[in-house]
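To keep things clear, I will list the structure first and then write my remarks on it.
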Amino acid sequence: MAKLPDHVGIDFGTHSVKAVELSGISTNKPTLVNLGSQVTPKGVINSEDIADQKKLADVLKRLYDASAIKNRQVVMALPEFSVFTRFFELPGVKKEELKEAVYYEAKQYIPLPLNEVQLDYVPIGFNTEKNAPRVLVVAAAKKVVNIYVNIAAQAGLDLLSIETESVAMGRAMYKSTGKNTLVMLDFGANSTDMSIISEGYLVFSQSIAIGSDSLTQAVVNKFNLDTQRAEEFKRNYGLVDNVLEGKILSVLTPIIESILVEVRRGVEFFKSRTLSIAPTDYVLSGDGALLPGLKEYVAKSLNANVMIAMPWNNIIIDKRFEDIAMKGAPSYSVAIGLALKDE
Ligand SMILES: Nc1ncnc2c1ncn2[C@@H]1O[C@H](COP(=O)(O)OP(=O)(O)OP(=O)(O)O)[C@@H](O)[C@H]1O
Ligand SMILES: [Mg+2]
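The sequence shown begins at -10 in the working numbering and counts up by one.
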């Protein structure tokens, strides 16, 4: 595959749009050239409405202006909740039959006609016991892909490539942790995305439709606070048990647990599909990962090694960017992964 030039990675979140530009992406130590974020207007993500797409293009223009980003070549991510990612093993299928077998298999799982879907697959090894090639299938509705093509065009940007958030995240986590087997949990505003990287390959991903805004909403409902106040309580106290008599903790715990139920299910699915053991390392990203006590809570509940993502590891950061890059470091993970894509 052709090498990609240095470019800007753009992550469209429901809460904020984040951009990261790196140089020297094929080297061991890329350099941060620029970064920035802007708040996302409500209800515009993944909208097919032209007016909403224009709003997102305007966000990009503001982002470019505010951060004085010059490079107009970009790579974008499709939100995880709009893609289908599935790991398949295809017993007895020969190499030359692979493509047809993948389509046949995918047809049974993807809820859209295949001609409306952009489908890619990556071979990821072979199960010798079952004589089965393994593939990861990634599919997205063409109409969703088109939304991002339109937004880039409206903003006057040159879209080099589109991938999924989990693929970008996997790249960022591998480069920053050096670990090639781990579970990634991205705590976003509207959803929590889970992916499993096994021996360097993305083998599982799912979007859990409960995000960090649900935590704020629960505090609003329970204590009859306005959203801003509830957000402060959430960010200040989180899952710490010895403040406010554990009142915030007891409101947030059931929601975190309902996310972790899905995480456990995801791990069981992965184990049954791949006959592998469950990964023991977890990395938490997204702004929601900043919730006080979350890391300790997840570690205890899942009996795992848990770390907060530090996607800036192994990236050279000039003094003038240090503050913004380090404040809420895990939130730039997807944008960094996109910026690191080099082929
Ligand atoms: N310090 C903090 N502690 C706890 N939660 C926080 C903190 N800062 C931000 N959040 C929460 O993180 C969420 C936003 O995270 P993020 O910016 O990663 O989302 P996004 O990428 O825009 O959304 P999504 O990935 O769901 O599309 C919000 O729910 C916000 O309340
Ligand atoms: Mg996000």
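Just so it is clear, CB atoms sit at the ideal spot from N, CA and C, and this is done for glycine as well.
For Val323, count neighbouring C-beta atoms within 10 Å of its own C-beta (all shown protein chains included) and say buried if the count is 16 or more, exposed if not. For the purposes of this step, residue 323 is taken as the residue at position 334 of the sequence shown. Its Cβ being crowded by 16 or more others within 10 Å, Val323 is buried.
Considering only the alpha carbon of each residue, which of Leu204, Ala141, Ala129, Arg160 lies closest to Gly337? Residue 337 lies beyond the stretch modelled for the chain, which goes from -10 to 332, so this question has no answer here.
Determine the DSSP secondary structure at Pro122, reduced to helix, strand or coil. On the sequence shown, position 133 is the one that residue 122 refers to. Three-state DSSP puts Pro122 in a strand.
Applying the 10 Å Cβ sphere with the 16-neighbour rule, what's the burial state of Lys84? Your numbering for residue 84 matches position 95 in the sequence shown. Per the 10 Å Cβ criterion, exposed.
If you compare alpha carbons, which of Asp(-5), Phe77, Lys7, Pro(-6) is closest to Leu264? As a position in the sequence shown, residue 264 is number 275, starting the count at 1. Put simply, of Asp(-5), Phe77, Lys7, Pro(-6) the residue whose alpha carbon is nearest the alpha carbon of Leu264 is Phe77.
Could you give the residue range of the beta strand (DSSP E) that holds Met173? By 1-based counting over the sequence shown, the position of residue 173 is 184. It spans 171 to 176 - the beta strand (DSSP E) in which Met173 sits, taken as one unbroken run.
With the cut-off set at 8 Å, would you say Ala328 and His(-4) are in Cβ contact? The residue you call residue 328 lines up with position 339 of the sequence shown. The residue you call residue -4 lines up with position 7 of the sequence shown. At a Cβ-Cβ threshold of 8 Å, Ala328 and His(-4) count as neighbours.
Among residues of its own chain, excluding the 5 on either side of Leu49, which ones have a beta-carbon nearer than 6 Å to its beta-carbon? On the sequence shown, residue 49 is found 60 positions in, with the first residue counted as 1. The residues are Ala144.
Who pairs with Glu78 in a beta bridge, going by DSSP? Reading the sequence shown from its first residue, position 89 is the one you call residue 78. Under DSSP, Glu78 takes part in a beta bridge, and its partners are Arg123.
Cβ-Cβ distance between Ala314 and Leu79 below 8 Å: Walking along the sequence shown from the start, residue 314 turns up at place 325. Walking along the sequence shown from the start, residue 79 turns up at place 90. For Ala314 and Leu79, no; Cβs fall outside 8 Å.
Just list the residues that DSSP pairs Gly(-2) with in beta bridges. Numbered from 1 along the sequence shown, position 9 holds the residue referred to as residue -2. Its beta-bridge partners are Val9, Val64.
Work out the CA separation of Leu45 and Ala142 for me, nearest whole Å. In the sequence shown, the residue the question calls residue 142 occupies position 153. In the sequence shown, the residue the question calls residue 45 occupies position 56. If I take the Cα positions, the gap works out to 11 Å.
Would the beta-carbon of Val126 be found less than 7 Å away from any heavy atom of ligand 2? To locate residue 126, count along the sequence shown from 1; it is residue 137. It does not: the Cβ of Val126 is nowhere closer than 7 Å to a heavy atom of ligand 2.
Return the first residue and the last residue of the alpha helix (DSSP H) that Asp54 is part of. By one-based count along the sequence shown, residue 54 stands at place 65. For Asp54, the uninterrupted alpha helix (DSSP H) run begins and ends at 39 to 56, by DSSP.
Once the 5 residues before and after Val287 are set aside, which same chain residues still bring their CB inside 6 Å of it? If you number the sequence shown from 1, residue 287 lands on position 298. Counting only Cβ-Cβ distances below 6 Å, and skipping sequence neighbours, we find Val295.
Under a Cβ-count criterion, where at least 16 other Cβ atoms within 10 Å of its own Cβ denotes burial, should Thr3 be classed as buried or exposed? In the sequence shown, residue 3 corresponds to position 14, counting from 1. Thr3 is buried by the Cβ-count criterion.
Val323 CB to nearest heavy atom of ligand 2 below 7 Å: Counting from 1 along the sequence shown, the entry for residue 323 is found at position 334. With a cut-off of 7 Å, the C-beta of Val323 is classified as near ligand 2, since at least one heavy atom of the ligand falls inside that distance.
In this structure, does DSSP put Pro112 in helix, strand or coil? Locating residue 112 in the sequence shown gives position 123, counting from the first residue. For Pro112, the secondary structure class from DSSP, reduced to helix, strand or coil, is strand.
Residue of Ile266, Gly25, Glu37 minimising C-alpha distance to Thr170: Taking the sequence shown and counting its residues from 1, one reaches residue 170 at position 181. Answer by Cα proximity: Ile266.
For the segment 131 to 140 and the segment 63 to 76, state whether three or more C-beta atom pairs, one from each stretch, are separated by less than 8 Å. Remark: three or more beta-carbon pairs, one from each stretch, lie closer than 8 Å, so the segment 131 to 140 and the segment 63 to 76 are flagged as touching.
Rounded to whole angstroms, what's the CA-CA distance from Val229 to Val127? Just pull it up for me. Your numbering for residue 229 matches position 240 in the sequence shown. Your numbering for residue 127 matches position 138 in the sequence shown. In a straight line, the C-alpha of Val229 is about 38 Å away from that of Val127.
Starting from Thr181, follow its DSSP beta bridges and name the residues at the other end. If you number the sequence shown from 1, residue 181 lands on position 192. Per DSSP, the beta-bridge partners of Thr181 are Phe176, Ile197.
Pick out whichever of Met162, Leu204, Arg262, Val63 has its Cα sitting closest to the Cα of Tyr271. Position 282 of the sequence shown, counted from the start, is the residue given in the question as residue 271. Ranking the options by Cα distance to Tyr271, first place goes to Met162.
How long is the line joining the alpha carbons of Asn23 and Asp54, rounded to whole angstroms? The residue you call residue 23 lines up with position 34 of the sequence shown. The residue you call residue 54 lines up with position 65 of the sequence shown. Rounded to the nearest angstrom, the two C-alpha atoms are 12 Å apart.
Alpha carbons only, please: which of Leu87, Thr166, Asp147 is nearest the one belonging to Ile297? For the purposes of this step, residue 297 is identified with residue 308 of the sequence shown, where counting begins at 1. Minimum Cα distance to Ile297 is reached at Thr166.
Out of curiosity, what's the CA-to-CA distance linking Glu332 and Asn17? Stepping through the sequence shown from its first residue, residue 332 is reached at position 343. Stepping through the sequence shown from its first residue, residue 17 is reached at position 28. Asn17 has its alpha-carbon roughly 15 Å from the corresponding atom of Glu332.
So, do the segment -2 to 14 and the segment 60 to 67 have three or more beta carbon pairs nearer to each other than 8 Å? Touching, yes, given that three or more Cβ pairs across the two stretches are closer than 8 Å.
Hey, Phe176 and Phe259: beta-carbon distance below 8 Å or not? Counting from 1 along the sequence shown, the entry for residue 176 is found at position 187. Counting from 1 along the sequence shown, the entry for residue 259 is found at position 270. Phe259 sits away from Phe176, with the two beta carbons spaced by 8 Å or more.
With DSSP as the reference, label Gly25 as helix, strand or coil. Sequence index remark: in the sequence shown, residue 25 carries index 36 (1-based). DSSP, reduced to helix, strand and coil, places Gly25 within a strand of the structure shown.
So Val111 and Val124 are supposed to be a Cβ contact under 8 Å. How far apart are they, rounded? In the sequence shown, counting from the first residue as 1, residue 111 sits at position 122. In the sequence shown, counting from the first residue as 1, residue 124 sits at position 135. In this structure, Val111 and Val124 form a Cβ contact; the two beta carbons are roughly 7 Å apart against a cut-off of 8 Å.
Beta-carbon proximity list for Glu94, same chain, < 7 Å, skipping 5 on both sides: In the sequence shown, residue 94 corresponds to position 105, counting from 1. Taken in chain order, the residues that qualify are Phe77, Leu79.
Same chain, Cβ closer than 6 Å to Pro30, five either side skipped, listed in chain order: Locating residue 30 in the sequence shown gives position 41, where the first residue counts as 1. In the same chain as Pro30, and ignoring 5 residues on each side of it, the C-beta atoms closer than 6 Å to its own belong to Lys44, in chain order.
Helix, strand or coil: which one does DSSP assign to Leu329? Indexing the sequence shown from 1 puts residue 329 at position 340. In the three-state reduction of the DSSP assignment, Leu329 falls in the helix class.
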